[in-house]
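**Student:**
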Amino acid sequence: MIIYTFPVRTTFIDRDLEMISPVAEIKPLEFTQSPIKLPFFFILQFFQLLWFLPRTSQYLCFFGGYHSVLPVWFAKTFEKKCTIQAGGTDCINMPEIGYGNFRKKWLRKATVYSFKNCSIILPVAEALVKQEYSFDPQINPKQGLLNLIPGLRTPIQVIPNGFDTDFWKNLGEERNTLSFISVATGTSNPSRAMVKGYDLIEKLAKDHPNWEFTLVGDSNYVSPNSNVKVLGKMNPSELLKLYNSHQFYLQLSTSEGFPNALGEAMASGCVPIGSAVGAIPDIIGDSGIILTKKDLTLLESQIIYLMNQNLADFSKKASQRILTLFNFEERKKALLKALTIF
890 MIIYTFPVRT
900 TFIDRDLEMI
910 SPVAEIKPLE
920 FTQSPIKLPF
930 FFILQFFQLL
940 WFLPRTSQYL
950 CFFGGYHSVL
960 PVWFAKTFEK
970 KCTIQAGGTD
980 CINMPEIGYG
990 NFRKKWLRKA
1000 TVYSFKNCSI
1010 ILPVAEALVK
1020 QEYSFDPQIN
1030 PKQGLLNLIP
1040 GLRTPIQVIP
1050 NGFDTDFWKN
1060 LGEERNTLSF
1070 ISVATGTSNP
1080 SRAMVKGYDL
1090 IEKLAKDHPN
1100 WEFTLVGDSN
1110 YVSPNSNVKV
1120 LGKMNPSELL
1130 KLYNSHQFYL
1140 QLSTSEGFPN
1150 ALGEAMASGC
1160 VPIGSAVGAI
1170 PDIIGDSGII
1180 LTKKDLTLLE
1190 SQIIYLMNQN
1200 LADFSKKASQ
1210 RILTLFNFEE
1220 RKKALLKALT
1230 IF
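Every position in the sequence shown, counted from 1, becomes a number in the working numbering once 889 is added.
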(Lines of atoms letter the chains of each structure in order from A and count residues from 1; the text may use other names and numbers.)
(Lines give C-alpha, C1' and ligand atoms only; values in the text may rest on other atoms or scores of the structure.)
Protein backbone atom coordinates (compact mmCIF):
# COMPACT_ATOMS: atom_id res chain seq x y z
CA MET A 1 0.00 0.00 0.00
CA ILE A 2 1.14 3.54 -0.81
CA ILE A 3 0.66 6.18 1.88
CA TYR A 4 -0.03 9.54 0.20
CA THR A 5 0.41 12.61 2.44
CA PHE A 6 -0.42 16.21 1.59
CA PRO A 7 -1.12 19.49 3.45
CA VAL A 8 -4.51 20.12 1.80
CA ARG A 9 -6.62 18.11 -0.63
CA THR A 10 -6.76 19.62 -4.12
CA THR A 11 -7.86 18.57 -7.61
CA PHE A 12 -4.19 17.68 -8.20
CA ILE A 13 -4.38 15.14 -5.35
CA ASP A 14 -7.64 13.74 -6.71
CA ARG A 15 -6.08 13.34 -10.15
CA ASP A 16 -3.09 11.46 -8.71
CA LEU A 17 -5.42 9.16 -6.78
CA GLU A 18 -7.35 8.56 -10.00
CA MET A 19 -4.08 7.63 -11.75
CA ILE A 20 -2.70 5.34 -9.05
CA SER A 21 -5.71 3.64 -7.43
CA PRO A 22 -6.55 1.32 -10.38
CA VAL A 23 -3.09 -0.28 -10.23
CA ALA A 24 -2.07 -0.01 -6.57
CA GLU A 25 -3.70 0.35 -3.17
CA ILE A 26 -3.22 3.94 -1.98
CA LYS A 27 -4.23 5.57 1.30
CA PRO A 28 -4.57 9.40 1.33
CA LEU A 29 -3.66 11.09 4.63
CA GLU A 30 -4.38 14.81 4.83
CA PHE A 31 -2.21 16.95 7.12
CA THR A 32 -2.87 20.62 8.01
CA GLN A 33 -1.82 24.08 6.89
CA SER A 34 -2.68 25.62 10.26
CA PRO A 35 0.36 26.46 12.46
CA ILE A 36 -1.83 26.15 15.57
CA LYS A 37 -2.82 22.58 14.70
CA LEU A 38 0.72 21.40 13.84
CA PRO A 39 1.53 19.65 17.18
CA PHE A 40 -1.73 17.70 17.09
CA PHE A 41 -1.25 16.66 13.46
CA PHE A 42 2.34 15.52 14.04
CA ILE A 43 1.08 13.21 16.80
CA LEU A 44 -1.89 12.06 14.71
CA GLN A 45 0.28 11.42 11.66
CA PHE A 46 2.85 9.47 13.68
CA PHE A 47 0.21 7.03 14.92
CA GLN A 48 -1.42 6.83 11.48
CA LEU A 49 1.91 5.90 9.89
CA LEU A 50 2.63 3.43 12.70
CA TRP A 51 -0.81 1.82 12.33
CA PHE A 52 -0.44 1.37 8.56
CA LEU A 53 3.26 0.42 8.69
CA PRO A 54 2.79 -3.37 8.31
CA ARG A 55 0.84 -2.80 5.07
CA THR A 56 2.91 0.10 3.72
CA SER A 57 5.15 -0.50 0.70
CA GLN A 58 6.15 3.12 0.09
CA TYR A 59 5.33 6.77 0.83
CA LEU A 60 4.29 9.53 -1.55
CA CYS A 61 4.23 13.20 -0.49
CA PHE A 62 2.68 16.12 -2.33
CA PHE A 63 5.16 18.99 -1.75
CA GLY A 64 7.93 18.99 0.84
CA GLY A 65 7.19 20.52 4.23
CA TYR A 66 6.03 19.68 7.74
CA HIS A 67 3.74 16.92 6.46
CA SER A 68 6.62 15.08 4.73
CA VAL A 69 9.03 14.89 7.70
CA LEU A 70 7.54 11.81 9.36
CA PRO A 71 6.91 9.86 6.12
CA VAL A 72 10.55 10.48 5.16
CA TRP A 73 11.72 9.38 8.62
CA PHE A 74 9.57 6.24 8.53
CA ALA A 75 10.85 5.42 5.04
CA LYS A 76 14.51 5.73 6.12
CA THR A 77 14.01 3.89 9.38
CA PHE A 78 12.08 0.97 7.91
CA GLU A 79 13.90 0.90 4.55
CA LYS A 80 10.99 1.89 2.35
CA LYS A 81 10.78 4.22 -0.64
CA CYS A 82 9.59 7.82 -0.17
CA THR A 83 8.81 10.02 -3.16
CA ILE A 84 8.16 13.77 -2.92
CA GLN A 85 6.35 15.61 -5.69
CA ALA A 86 7.73 19.16 -5.63
CA GLY A 87 5.11 21.63 -6.76
CA GLY A 88 6.17 25.24 -6.19
CA THR A 89 6.29 26.89 -2.77
CA ASP A 90 8.56 24.10 -1.49
CA CYS A 91 11.23 25.15 -4.01
CA ILE A 92 10.98 28.91 -3.55
CA ASN A 93 12.35 31.60 -1.21
CA MET A 94 10.58 34.91 -1.79
CA PRO A 95 10.30 36.78 1.52
CA GLU A 96 9.82 39.97 -0.50
CA ILE A 97 6.25 38.86 -1.27
CA GLY A 98 5.76 36.52 1.71
CA TYR A 99 6.04 33.34 -0.35
CA GLY A 100 7.98 30.10 -0.17
CA ASN A 101 8.89 27.46 2.41
CA PHE A 102 12.47 28.71 2.72
CA ARG A 103 11.54 32.08 4.23
CA LYS A 104 10.44 30.47 7.53
CA LYS A 105 13.09 28.91 9.78
CA TRP A 106 11.32 25.72 10.92
CA LEU A 107 9.45 25.15 7.68
CA ARG A 108 12.77 25.52 5.84
CA LYS A 109 14.38 22.93 8.12
CA ALA A 110 11.47 20.52 7.56
CA THR A 111 11.64 21.04 3.80
CA VAL A 112 15.42 20.61 3.57
CA TYR A 113 15.33 17.48 5.75
CA SER A 114 12.57 16.00 3.59
CA PHE A 115 14.28 16.63 0.25
CA LYS A 116 17.70 15.49 1.47
CA ASN A 117 16.41 12.24 2.92
CA CYS A 118 13.66 11.10 0.56
CA SER A 119 14.30 8.53 -2.18
CA ILE A 120 13.45 10.64 -5.23
CA ILE A 121 12.05 14.11 -6.01
CA LEU A 122 9.51 14.58 -8.80
CA PRO A 123 9.14 18.31 -9.59
CA VAL A 124 6.35 19.35 -11.96
CA ALA A 125 8.63 21.86 -13.71
CA GLU A 126 12.31 22.20 -14.60
CA ALA A 127 12.30 25.71 -13.11
CA LEU A 128 11.70 24.20 -9.67
CA VAL A 129 15.00 22.33 -9.92
CA LYS A 130 17.09 25.42 -10.64
CA GLN A 131 16.29 28.83 -12.08
CA GLU A 132 17.65 32.32 -12.49
CA TYR A 133 14.50 34.26 -11.66
CA SER A 134 14.11 37.63 -13.40
CA PHE A 135 10.38 38.41 -13.67
CA ASP A 136 10.20 40.71 -10.63
CA PRO A 137 13.49 42.60 -10.02
CA GLN A 138 12.84 43.00 -6.27
CA ILE A 139 13.09 39.21 -5.79
CA ASN A 140 16.28 37.18 -5.29
CA PRO A 141 17.10 35.51 -8.65
CA LYS A 142 18.47 32.31 -7.08
CA GLN A 143 15.47 30.00 -6.88
CA GLY A 144 14.85 26.26 -7.20
CA LEU A 145 15.99 23.25 -5.18
CA LEU A 146 19.61 23.18 -6.29
CA ASN A 147 20.08 26.88 -5.49
CA LEU A 148 18.31 26.66 -2.13
CA ILE A 149 19.77 23.33 -0.96
CA PRO A 150 23.46 23.33 -1.95
CA GLY A 151 24.85 19.83 -2.26
CA LEU A 152 21.44 18.18 -2.70
CA ARG A 153 22.14 14.65 -3.96
CA THR A 154 18.66 13.14 -4.03
CA PRO A 155 17.70 11.90 -7.54
CA ILE A 156 15.41 14.33 -9.37
CA GLN A 157 13.04 13.59 -12.26
CA VAL A 158 10.74 16.24 -13.76
CA ILE A 159 7.23 14.97 -14.51
CA PRO A 160 4.91 17.71 -15.86
CA ASN A 161 1.21 17.75 -15.07
CA GLY A 162 -1.22 16.12 -17.47
CA PHE A 163 -4.80 16.95 -18.42
CA ASP A 164 -7.86 14.98 -19.45
CA THR A 165 -8.49 16.57 -22.85
CA ASP A 166 -11.61 14.45 -23.34
CA PHE A 167 -13.12 16.63 -20.61
CA TRP A 168 -11.20 19.91 -20.89
CA LYS A 169 -11.95 20.95 -24.46
CA ASN A 170 -13.25 23.74 -26.67
CA LEU A 171 -17.03 23.35 -26.83
CA GLY A 172 -17.25 25.64 -29.86
CA GLU A 173 -19.50 28.15 -28.09
CA GLU A 174 -19.45 31.90 -28.66
CA ARG A 175 -17.09 33.67 -26.28
CA ASN A 176 -17.58 37.09 -24.72
CA THR A 177 -15.41 39.66 -26.47
CA LEU A 178 -12.57 41.27 -24.49
CA SER A 179 -13.10 38.75 -21.70
CA PHE A 180 -10.37 37.51 -19.34
CA ILE A 181 -10.49 34.80 -16.68
CA SER A 182 -8.09 33.70 -13.94
CA VAL A 183 -8.48 30.94 -11.34
CA ALA A 184 -6.77 30.80 -7.93
CA THR A 185 -7.73 29.94 -4.36
CA GLY A 186 -6.91 31.85 -1.19
CA THR A 187 -6.63 35.22 -2.92
CA SER A 188 -8.49 37.07 -0.16
CA ASN A 189 -5.06 36.90 1.50
CA PRO A 190 -3.23 39.92 0.00
CA SER A 191 0.15 38.18 -0.26
CA ARG A 192 -1.46 35.20 -2.00
CA ALA A 193 -3.24 37.57 -4.40
CA MET A 194 0.10 39.16 -5.29
CA VAL A 195 1.73 35.77 -5.84
CA LYS A 196 -1.08 34.97 -8.28
CA GLY A 197 -0.65 38.25 -10.15
CA TYR A 198 -3.89 39.88 -9.08
CA ASP A 199 -2.14 43.22 -8.59
CA LEU A 200 -1.38 43.32 -12.33
CA ILE A 201 -4.88 42.15 -13.22
CA GLU A 202 -6.46 44.93 -11.14
CA LYS A 203 -4.26 47.52 -12.86
CA LEU A 204 -5.33 46.16 -16.24
CA ALA A 205 -8.97 46.33 -15.20
CA LYS A 206 -8.59 49.93 -14.03
CA ASP A 207 -6.91 51.04 -17.26
CA HIS A 208 -9.39 49.22 -19.51
CA PRO A 209 -12.93 49.55 -18.14
CA ASN A 210 -14.37 48.04 -21.35
CA TRP A 211 -12.52 44.75 -20.74
CA GLU A 212 -14.29 42.12 -18.62
CA PHE A 213 -12.42 40.13 -15.95
CA THR A 214 -13.58 37.07 -14.03
CA LEU A 215 -11.61 35.92 -10.97
CA VAL A 216 -12.56 32.45 -9.76
CA GLY A 217 -11.65 30.57 -6.59
CA ASP A 218 -12.19 32.84 -3.58
CA SER A 219 -15.54 34.56 -3.06
CA ASN A 220 -14.03 36.64 -0.23
CA TYR A 221 -11.64 38.43 -2.57
CA VAL A 222 -12.72 42.05 -3.03
CA SER A 223 -11.93 43.94 -6.23
CA PRO A 224 -11.89 47.74 -6.42
CA ASN A 225 -12.93 47.63 -10.09
CA SER A 226 -16.52 47.33 -11.35
CA ASN A 227 -15.45 45.33 -14.43
CA VAL A 228 -14.03 42.53 -12.27
CA LYS A 229 -16.43 39.72 -11.37
CA VAL A 230 -15.44 37.57 -8.38
CA LEU A 231 -16.68 33.99 -8.05
CA GLY A 232 -16.02 31.31 -5.45
CA LYS A 233 -14.78 27.77 -6.02
CA MET A 234 -16.32 25.98 -8.98
CA ASN A 235 -16.65 22.31 -9.81
CA PRO A 236 -15.00 21.07 -13.03
CA SER A 237 -18.19 21.24 -15.11
CA GLU A 238 -18.82 24.84 -14.04
CA LEU A 239 -15.20 25.75 -14.78
CA LEU A 240 -15.41 24.18 -18.23
CA LYS A 241 -18.39 26.40 -19.08
CA LEU A 242 -16.63 29.48 -17.72
CA TYR A 243 -13.44 28.81 -19.69
CA ASN A 244 -15.51 28.38 -22.85
CA SER A 245 -17.21 31.75 -22.38
CA HIS A 246 -13.92 33.69 -22.13
CA GLN A 247 -11.37 34.59 -24.80
CA PHE A 248 -8.24 34.90 -22.66
CA TYR A 249 -6.79 33.19 -19.62
CA LEU A 250 -4.50 35.23 -17.32
CA GLN A 251 -1.69 33.55 -15.38
CA LEU A 252 0.37 36.56 -14.30
CA SER A 253 1.83 34.91 -11.20
CA THR A 254 4.96 36.23 -9.52
CA SER A 255 5.89 32.63 -8.81
CA GLU A 256 4.51 29.29 -10.03
CA GLY A 257 5.29 25.64 -10.41
CA PHE A 258 2.94 24.17 -12.97
CA PRO A 259 -0.46 25.93 -12.77
CA ASN A 260 -3.26 23.45 -13.40
CA ALA A 261 -5.87 26.05 -14.27
CA LEU A 262 -3.70 27.40 -17.09
CA GLY A 263 -3.58 23.95 -18.70
CA GLU A 264 -7.32 23.43 -18.23
CA ALA A 265 -8.14 26.82 -19.75
CA MET A 266 -5.83 26.30 -22.74
CA ALA A 267 -7.29 22.85 -23.38
CA SER A 268 -10.70 24.56 -23.29
CA GLY A 269 -9.65 27.04 -25.97
CA CYS A 270 -8.68 30.12 -23.95
CA VAL A 271 -5.77 32.10 -25.39
CA PRO A 272 -3.12 32.18 -22.62
CA ILE A 273 -1.37 35.26 -21.25
CA GLY A 274 1.23 34.37 -18.65
CA SER A 275 4.33 35.49 -16.79
CA ALA A 276 7.77 34.03 -17.48
CA VAL A 277 7.95 32.05 -14.23
CA GLY A 278 7.96 28.34 -13.42
CA ALA A 279 6.61 26.13 -16.18
CA ILE A 280 4.37 28.85 -17.64
CA PRO A 281 6.57 29.62 -20.69
CA ASP A 282 6.84 25.89 -21.46
CA ILE A 283 3.09 25.44 -21.19
CA ILE A 284 2.17 28.45 -23.35
CA GLY A 285 4.89 28.16 -26.00
CA ASP A 286 3.78 30.04 -29.13
CA SER A 287 0.06 29.78 -28.37
CA GLY A 288 -0.20 33.10 -26.51
CA ILE A 289 1.74 35.79 -24.67
CA ILE A 290 4.65 35.34 -22.25
CA LEU A 291 5.35 38.45 -20.16
CA THR A 292 9.08 38.51 -19.41
CA LYS A 293 9.01 41.37 -16.89
CA LYS A 294 6.46 42.56 -14.35
CA ASP A 295 5.66 45.66 -16.39
CA LEU A 296 2.10 46.90 -16.94
CA THR A 297 2.91 48.92 -20.05
CA LEU A 298 4.62 45.94 -21.68
CA LEU A 299 1.68 43.71 -20.75
CA GLU A 300 -0.88 46.11 -22.21
CA SER A 301 1.00 46.48 -25.48
CA GLN A 302 1.33 42.69 -25.85
CA ILE A 303 -2.37 42.12 -25.16
CA ILE A 304 -3.44 44.80 -27.64
CA TYR A 305 -1.13 43.26 -30.25
CA LEU A 306 -2.66 39.85 -29.58
CA MET A 307 -6.20 41.21 -29.92
CA ASN A 308 -5.38 42.25 -33.49
CA GLN A 309 -4.31 38.72 -34.44
CA ASN A 310 -6.46 35.76 -35.48
CA LEU A 311 -7.60 34.60 -32.03
CA ALA A 312 -9.20 31.45 -33.44
CA ASP A 313 -5.77 30.25 -34.56
CA PHE A 314 -4.25 30.95 -31.15
CA SER A 315 -7.16 29.16 -29.47
CA LYS A 316 -6.59 26.05 -31.59
CA LYS A 317 -2.85 26.20 -30.89
CA ALA A 318 -3.50 26.37 -27.15
CA SER A 319 -5.82 23.35 -27.15
CA GLN A 320 -3.50 21.33 -29.36
CA ARG A 321 -0.45 22.15 -27.24
CA ILE A 322 -2.04 20.71 -24.10
CA LEU A 323 -3.29 17.65 -25.99
CA THR A 324 0.14 16.96 -27.47
CA LEU A 325 2.58 17.91 -24.71
CA PHE A 326 0.68 17.63 -21.42
CA ASN A 327 -1.52 14.61 -21.82
CA PHE A 328 -3.07 12.89 -18.79
CA GLU A 329 -1.95 9.44 -19.95
CA GLU A 330 1.67 10.53 -20.39
CA ARG A 331 1.87 11.88 -16.84
CA LYS A 332 0.17 8.75 -15.53
CA LYS A 333 2.67 6.50 -17.29
CA ALA A 334 5.67 8.53 -16.04
CA LEU A 335 4.36 8.74 -12.45
CA LEU A 336 3.59 5.03 -12.19
CA LYS A 337 7.00 4.20 -13.62
CA ALA A 338 8.72 6.49 -11.09
CA LEU A 339 6.80 4.75 -8.31
CA THR A 340 7.89 1.41 -9.84
CA ILE A 341 4.33 0.11 -10.01
CA PHE A 342 4.07 0.06 -13.79
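Cβ atoms here follow ideal geometry from the backbone N, Cα and C, with glycine treated the same way.
With DSSP collapsed to three states, give me the class of M1083.
**Tutor:** Indexing the sequence shown from 1 puts residue 1083 at position 194. Note: M1083 maps to helix in three-state DSSP.
**Student:** On the three-pair Cβ rule with 8 Å, is the segment 1107-1122 touching the segment 1064-1084?
**Tutor:** Yes: the two stretches touch, three or more of their Cβ pairs being nearer than 8 Å.
**Student:** At the level of alpha carbons, what is the spacing between P1170 and G1051?
**Tutor:** The residue you call residue 1170 lines up with position 281 of the sequence shown. The residue you call residue 1051 lines up with position 162 of the sequence shown. Each residue's alpha carbon lies about 16 Å from the other.
**Student:** The alpha helix (DSSP H) spanning Y988 covers which residue range?
**Tutor:** As a working note, residue 988 is residue 99 in the sequence shown. It is not in any alpha helix (DSSP H) - Y988 carries neither H nor E in the DSSP assignment.
**Student:** Using the rule of at least 16 other Cβ atoms within 10 Å of the residue's Cβ for burial, across every protein chain shown, is P1049 buried or exposed?
**Tutor:** Along the sequence shown, read from residue 1 onward, the residue named residue 1049 stands at position 160. Label assigned to P1049: buried.
**Student:** Apart from the five residues just before and just after V1166, which ones in its own chain have a Cβ nearer than 8 Å to its Cβ?
**Tutor:** As a working mapping, residue 1166 is identified with position 277 in the sequence shown. Taken in chain order, the residues that qualify are A1016, Y1022, F1024, S1142, T1143, S1144 and E1145.
**Student:** For A964, which residues in the same chain have their Cβ closer than 6 Å to its Cβ, ignoring the five residues on either side in sequence?
**Tutor:** Counting from 1 along the sequence shown, the entry for residue 964 is found at position 75. Cβ within range, chain order: Y948 and C971.
**Student:** I believe F991 touches G976 by the beta-carbon criterion, under 8 Å. Please report the beta-carbon distance rounded to the nearest angstrom.
**Tutor:** Here the question's residue 991 lines up with position 102 in the sequence shown. Here the question's residue 976 lines up with position 87 in the sequence shown. Not a contact, Cβ separation roughly 14 Å.
**Student:** For A1207, tell me which candidate among K1226, M1155, T1213 and F1215 has the shortest Cα-Cα distance.
**Tutor:** Counting from one through the sequence shown, the residue named residue 1207 turns up at place 318. If we check each option's Cα against that of A1207, M1155 comes out closest.
**Student:** Identify, in the order they occur along the chain, each residue of the same chain with its Cβ nearer than 8 Å to the Cβ of R1220, setting aside the five sequence neighbours on each side.
**Tutor:** Taking the sequence shown and counting its residues from 1, the one referred to as residue 1220 is at position 331. Excluding sequence neighbours, R1220 sits near M908, I1048, P1049, N1050 and G1051.
**Student:** Mind checking M890: buried by the 16 CB within 10 Å criterion, or exposed?
**Tutor:** For the purposes of this step, residue 890 is taken as the residue at position 1 of the sequence shown. Exposed, since its Cβ has fewer than 16 Cβ neighbours within 10 Å.
**Student:** Could you say which of T1043, G989, L1037 and I973 lies nearest to V1013 if we only look at CA atoms?
**Tutor:** One-based indexing of the sequence shown puts residue 1013 at position 124. When only C-alpha atoms are compared, the closest one is I973.
**Student:** Just to confirm, are T945 and K969 a CB contact at a threshold of 8 Å?
**Tutor:** The residue you call residue 945 lines up with position 56 of the sequence shown. The residue you call residue 969 lines up with position 80 of the sequence shown. Cβ distance < 8 Å, so T945 and K969 count as in contact.
**Student:** Going by DSSP, what residue range makes up the alpha helix (DSSP H) through V912?
**Tutor:** To locate residue 912, count along the sequence shown from 1; it is residue 23. Segment: none, V912 is in no alpha helix (DSSP H) and carries neither H nor E.
**Student:** Please report the straight-line C-alpha distance between L883 and L1185, rounded to a whole angstrom.
**Tutor:** No information on residue 883 is available, as it lies outside the stretch 890 to 1231 that the chain covers here.
**Student:** What ranges does the alpha helix (DSSP H) occupy inside the segment 989-1043, keeping only unbroken runs of at least 4 residues that lie completely in it?
**Tutor:** Entirely contained in the segment 989-1043, the alpha helix (DSSP H) runs reaching 4 residues are, in chain order, 994-1006 and 1034-1037.
**Student:** Within this structure, are the beta carbons of Y955 and P917 separated by less than 8 Å?
**Tutor:** Along the sequence shown, one-based indexing puts residue 955 at 66. Along the sequence shown, one-based indexing puts residue 917 at 28. No, they are not a contact pair.
**Student:** Distance check for I1172 and F1147, CA to CA, integer angstroms please.
**Tutor:** As a working mapping, residue 1147 is identified with position 258 in the sequence shown. As a working mapping, residue 1172 is identified with position 283 in the sequence shown. Going by the C-alpha atoms only, they are around 8 Å apart.
**Student:** So the alpha helix (DSSP H) E1189 belongs to, where does it begin and stop?
**Tutor:** Residue numbering aside, residue 1189 sits at position 300 when the sequence shown is read from its first letter. Looking at the DSSP string, the run of the alpha helix (DSSP H) that includes E1189 is L1185 to M1196.
**Student:** For R858, count the other beta carbons within 10 Å of its own beta carbon; 16 or more makes it buried, fewer makes it exposed. Which is it?
**Tutor:** For the chain, the structure presents residues 890 to 1231; residue 858 sits outside this window and is missing.
**Student:** From F920 to K1092, what does the alpha carbon distance come to, in whole angstroms?
**Tutor:** As a first step, residue 920 must be located in the sequence shown, where it is residue number 31. As a first step, residue 1092 must be located in the sequence shown, where it is residue number 203. Approximately 37 Å between the Cα atoms of the pair.
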